[in-house]
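Visitor: One structure is given below, represented as structure tokens, and several questions about it will come after.
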Amino acid sequence: MLNINVGVLGHVDSGKTSLAKVLSTIASTSAFDKNPQSKKRGITLDLGFSSFTVDSAGYPFTPSIRENFEKVQFTLVDCPGHGSLIKTVLCGSQIIDIVVLVIDVTKGFQTQTAECLVIGEIACEKMLVVLNKCDLLNENQRDESIQKMKKRILKTLENTIFKQSEIAEISAAPGGVQAIQFVICVTEVENLITLLARSIHDPTEKRNKLKDMGFVFAVDHCFTITGQGTILTGTVLSGTTSVGQTIGLPYQRIQKKIKSIQRFRQPIQSIVPGDRAGICVPQLDSNLLERGLVGDITSTDNLIPCYACILSNVKKVSYYKLSIKSQSRLHIFIGQETVLSSLTFFTKIKLDNHLNNPCEFDKTIMYQYIDEISNEIDNNVYVLLEFEHPVICPMNGLAIGAKLDTYSITSCRIALYGHVCKSKTRRGQLERIVNPRMCIVNGLFKRETNWDIFIGLRAYLIIKSNEDSSSNDNHIQRIYGYIESSFGQSGKCRLALENDLPDEILAQYSSKAGRKQISQPDIEVILEFKKNIFDPQRRVIQ
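Structure below.
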């Protein structure tokens, strides 16, 4: 089954929660304004989660989805619409695959509708527009009014990436949410689901790339169930995990073994990127975590609190009218947190036509300070963020800057966005096994490498199970070690391992010289590190 995370966004009182309720068959965490304060105030205050499942063959999904998945589960992320709750909306934007923008057909685009459009354009590539409350239109002029509103919306979207978006129409709560009972038009619901299916791209390729990364889980709610343990509900951002494995809280450096995993009340053994799940761990104080990132804190630098980080490919939001200068401050939403940060902009000085990966730093080239970022700058701009307090900065994660110290009802507060620069990553191959805890690696370094800065750094082998090569869920095992020394004069190195290599790997390299004998996929060796561009000693860190 394929899971698609759908962000339901829009202005307050546009009918987002009513729409989610009409579509959903399973209510989950904080669904449909279960919070007592939400019921009292009549507005959504927190992210609400619910889902429904359809047969892939019955709807116009892409051919790859229909061929590879019998069912598609839609996880609806109902986001608040009130302007003061923009932080919660930004949190929801980190985990969604597609935006459903709900618009009150009697009012059209409003302030938070526009902000949700900006957030959607930053976070997603696809969007479905839903015109709600169509029952409030004059029946004699309803069709004409809907067509006029569709033209206005398409005109608004023509300069965005969503200019080809589908537009559905529905009355999610005829007579209003206070009505004792109301009848939903089944045709409207089916048409909406059809348009939603048509709007979705297959995320499998993207998610498969994320599977090889360290496990990171975005927690949105944490609570205790007596007799079972503490439940962490959230969405997998990268990596995989399963029952019996260990996850950790990065700030507290607490590690807990996973007792059980559920996906919308169904027990499962493992989860992969894109999955919405609840993880049960024993003996954890739920007050330690309300919202944030957890995961494998022993094997990835994704979950280390940072006082600063650098974003690449930084873009100013065109709707943001104020200037953004170096040494100014913005609220930065990164990971699952919001923090006040000072900004320093800079860009590459082009010395030749060679372009490096924009998400990695090249210490060998020059950078130029930028006083102010503008909409016209189209080359690769970086920004150094210096945080007011340490936060978790997942590598290549999306960061959004906003002006939240003032609440404006007429202007866009979303200012800029970019991605956290990834670690420098080098990839090599296991060439020879000396003994179960020592191997020779080729391809990580060049002949002229300065070995002094790499000795002692951690690297890991990626071993993929070959039991079922057709499965997308092949077991991936990481074996960690450290670089002990160089080997020869051609850039090879000795890698000392923390654990013994599996017997089947030793059998593959069973010749007298320790080289591979059995035809199997090469075993990849990964070295991840960072370079500080302001460090005169050119050190690398992990």
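Every letter in the sequence shown is one number past the one before it in the UniProt record's numbering, and letter 13, counting from 1, is 13.
Note that beta-carbon positions come from the ideal geometry of N, C-alpha and C, so glycine has one too.
(1) Is the Cβ-Cβ distance between residue 545 and residue 59 less than 8 Å?
(2) Name the residue from 189, 324 and 306 whose alpha carbon lies nearest to the alpha carbon of residue 18.
(3) Report yes if the C-beta distance between residue 493 and residue 479 is below 8 Å; otherwise report no.
(4) Mapping DSSP to helix, strand and coil, what is residue 211?
(5) Quick one: Cα of residue 269 to Cα of residue 257, how far?
(6) So for residue 13, helix, strand or coil by DSSP?
(7) Taking only the alpha-carbon atoms, compute the straight-line gap between residue 450 and residue 214 and give it to the nearest angstrom.
(8) If we ignore side chains and look at the alpha-carbon of each, how far apart do residue 402 and residue 311 end up?
(9) From 249, 158, 271 and 461, pick the residue whose C-alpha is nearest to that of residue 284; which is it?
(10) Whose C-beta lies closer than 8 Å to the C-beta of residue 1 among residues of the same chain, with five residues either side of it excluded?
(11) Taking C-beta to C-beta, are residue 255 and residue 297 nearer than 8 Å?
(12) Whole angstroms is fine: what's the gap from residue 498's alpha carbon to residue 20's?
(13) On the DSSP letters alone, give me the boundaries of the alpha helix (DSSP H) that residue 91 sits inside.
(14) Which whole-angstrom value describes the C-beta separation of residue 100 and residue 130, a residue pair presumed to lie in contact below a C-beta threshold of 8 Å?
(15) Within the continuous beta strand (DSSP E) that includes residue 543, where are the two ends?
(16) Can you round the beta-carbon distance between residue 420 and residue 387 to whole angstroms, since I take them to be within the 8 Å contact cut?
(17) Of the residues 6, 476 and 486, which one's Cα is nearest the Cα of residue 235?
(18) Which residue or residues does DSSP assign as beta-bridge partners of residue 401?
(19) If you follow the beta strand (DSSP E) that residue 484 is part of, which residue opens it and which one closes it?
(20) What does residue 53 pair with, by DSSP beta-bridge criteria?
(21) Just the Cα atoms here: how many angstroms apart are residue 444 and residue 86?
(22) Return the chain-ordered list of same chain residues with a C-beta closer than 6 Å to the C-beta of residue 162, the five sequence neighbours on each side being excluded.
(23) Closer than 7 Å by C-beta to residue 207: which residues in its own chain qualify, once you throw out the five before and the five after it? Chain order, please.
(24) Leaving out the 5 sequence neighbours to the left and right, which residues in its chain are closer than 7 Å to residue 286 when beta-carbon positions are compared?
(25) Does the beta-carbon distance from residue 345 to residue 304 come in below 8 Å?
(26) Excluding the 5 residues flanking residue 437 on each side, which residues of the same chain have their C-beta closer than 7 Å to its C-beta?
(27) Do residue 51 and residue 264 come within 8 Å of each other at the CB atom, strictly closer than that value?
(28) Put residue 18 into one of helix, strand or coil per three-state DSSP.
(29) Only counting the same chain, and skipping five residues up and downstream in sequence, which positions put a Cβ closer than 8 Å to that of residue 160?
(30) Quick one: grab the DSSP three-state call for residue 3.
(31) Would you grab the beta carbon distance between residue 102 and residue 15 for me? Rounded to a whole angstrom, and I think it's under 8 Å.
(32) Do residue 292 and residue 543 have their beta-carbon atoms positioned less than 8 Å apart in this structure?
(33) Can you name the residues that DSSP bridges to residue 460?
(34) Just to confirm, are residue 392 and residue 320 a CB contact at a threshold of 8 Å?
(35) Which residues in the same chain have their Cβ closer than 6 Å to the Cβ of residue 383, if we skip the five residues on either side of it in sequence?
(36) Give me, in chain order, the residues of the same chain whose beta-carbon lies closer than 6 Å to that of residue 349; leave out the 5 immediate sequence neighbours on both sides.
Guide: Per the coordinate set shown:
(1) Residue 545 lies beyond the range of the chain shown here (1 to 542); nothing can be said about it.
(2) Among 189, 324 and 306, the Cα nearest to that of residue 18 is on 189.
(3) Taking a C-beta distance under 8 Å as the contact criterion, residue 493 and residue 479 do not qualify as a contact pair.
(4) The answer is helix: DSSP assigns residue 211 an H, G or I state.
(5) Rounded to the nearest whole angstrom, the C-alpha separation of residue 269 and residue 257 is 13 Å.
(6) Three-state result, residue 13: coil.
(7) The straight-line gap from Cα to Cα measures roughly 28 Å.
(8) Rounded to whole angstroms, residue 402 to residue 311 spans 15 Å at the Cα level.
(9) Put simply, of 249, 158, 271 and 461 the residue whose alpha carbon is nearest the alpha carbon of residue 284 is 249.
(10) If you ignore the 5 residues before and after residue 1, its C-beta comes within less than 8 Å of the C-beta of 53, 69, 70, 71, 72 and 73, all in its own chain and listed in chain order.
(11) Yes, they are a contact pair.
(12) Looking at the two C-alpha atoms, the distance is approximately 49 Å.
(13) Boundaries of the alpha helix (DSSP H) harbouring residue 91: 86-93, taken from the DSSP string.
(14) Rounded, the Cβ-Cβ distance is 6 Å, consistent with contact.
(15) Here the chain has residues from 1 to 542 only, and residue 543 is not among them.
(16) Not a contact, Cβ separation roughly 12 Å.
(17) Among 6, 476 and 486, the Cα nearest to that of residue 235 is on 6.
(18) DSSP lists 332 and 416 as partners of residue 401.
(19) From DSSP, the beta strand (DSSP E) with residue 484 extends over 476-487.
(20) DSSP lists 73 as the bridge partner or partners of residue 53.
(21) In this structure, the straight-line span from the alpha carbon of residue 444 to that of residue 86 is close to 44 Å.
(22) Taken in chain order, the residues that qualify are 127.
(23) Only 272, 273 and 274 meet the Cβ criterion.
(24) Taking C-beta separations shorter than 7 Å and ignoring five residues to either side along the sequence, the partners of residue 286 in its chain run 222, 223, 224 and 230, following chain order.
(25) Between residue 345 and residue 304, the CB-CB gap reaches or exceeds 8 Å.
(26) Non-local C-beta neighbours of residue 437 in its own chain, meaning closer than 7 Å and more than five positions away in sequence, comprise 496, 497 and 500, ordered along the chain.
(27) Contact: yes.
(28) Looking at residue 18 - three-state DSSP - the assignment turns out to be helix.
(29) Here residue 160 has 117 and 121 as same chain residues with Cβ atoms under 8 Å from its own Cβ, once five neighbours each way along the sequence are excluded.
(30) Three-state DSSP puts residue 3 in a strand.
(31) For a cut-off of 8 Å, the C-beta gap from residue 102 to residue 15 is around 6 Å, short enough to register as a contact.
(32) Nothing about residue 543 can be reported from this structure: the residues present for the chain run from 1 to 542 only.
(33) For residue 460, which the question treats as bridged, DSSP gives the partners 480 and 526.
(34) In this structure, residue 392 keeps its C-beta atom at 8 Å or more from the C-beta atom of residue 320.
(35) Excluding residues up to 5 positions away in sequence, 311, 314, 343 and 345 lie with their Cβ nearer than 6 Å to the Cβ of residue 383 in the same chain.
(36) Counting only Cβ-Cβ distances below 6 Å, and skipping sequence neighbours, we find 366 and 368.
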